[in-house]
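What follows is a short report on a single structure.
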Amino acid sequence: MFVLEYKKRSDLGGRFKKEVVLDGQSYLLLIRDEGSVAPDYQFTQWLDAVIFVFSLESQESIETALHYYEQMSKYRNISEVPVLMVGMQDAVTESNPRVITEQEGRQMAKSLPKCSGYYEACSTYGLNVDRLFKDSKYFIT
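Note that my numbering has the sequence shown beginning at 3, numbered continuously upward.
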């Protein structure tokens with residue numbers, strides 16, 4: 003689930019469901035948005051894959067995503083978990099410019115073991131959102 007803006011230090015999270023149909027087969031994705039709560043042991047054991055979402059206009063958000071990745075590696079061999087990195091464009095404006103280039107995002111994703119890909123998306127316009135969910139089948143299975 004993508005929010006329209008990155009909220010610094012937001013403790014809000016949520017649980018969401020997304021149904022996707024791939025190759026005629028229906029899949030129900032159970033999605034947990036952990037907000038600004040660092041992943042704990044229980045969460046890390048529960049997941050089958052993880053999608054780290056950060057804002058392309060916030061260095062803090064990408065650093066938080068990397069910190070969460072490191073936290074998860076304390077509880078589980080993170081190289082066993084499929085990972086996707088998603089840079090969100092929603093908050094990028096002329097007055098709030100992009101600070102993370104596509105190349106930097108891709109390099110960061112390549113540096114993480116088992117990271118299956120890097121996407122840039124925009125929930126406001128739907129850019130790559132459906133593609134991300136559809137492609138997730140290939141990195142989870």
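Think of the CB as a built atom: it goes at the ideal place given N, C-alpha and C, for glycine as much as any other residue.
Buried or exposed: where does residue i fall if 16 or more other Cβ atoms within 10 Å of its Cβ makes it buried?
i: leucine 149; result: The structure shown does not extend to residue 149, since the chain is modelled only from 3 through 143, so no value can be given for it.
i: serine 12; result: Residue confidence for serine 12 is low, a pLDDT of 43 falling below 50, so the modelled location carries little weight and cannot support an answer.
i: valine 39; result: exposed
i: isoleucine 102; result: buried
i: glycine 37; result: exposed
Per DSSP, what are the beta-bridge partners of residue i in this structure?
i: arginine 17; result: Arg34
i: phenylalanine 56; result: Gly89
i: glutamate 122; result: Gly89
Is residue j closer than 9 Å to residue i when the C-beta atoms are compared?
i: phenylalanine 151; j: lysine 19; result: Outside the modelled stretch of the chain, which goes from 3 to 143, sits residue 151, for which no answer is possible.
i: methionine 90; j: serine 125; result: yes
i: leucine 114; j: tyrosine 70; result: no
i: leucine 58; j: valine 23; result: no
Comparing C-alpha positions only, which one of the options sits nearest to residue i?
i: lysine 116; options: Ser63, Ile53, His69; result: Ile53
i: asparagine 98; options: Val131, Gln61, Asn79, Arg78; result: Gln61
i: glutamate 82; options: Ala111, Thr46, Asn130, Gly16; result: Thr46
Specify, as a first and last residue, the run of the alpha helix (DSSP H) that residue i falls within.
i: alanine 111; result: 104 to 112
i: tyrosine 70; result: 61 to 77
i: tyrosine 43; result: 43 to 48
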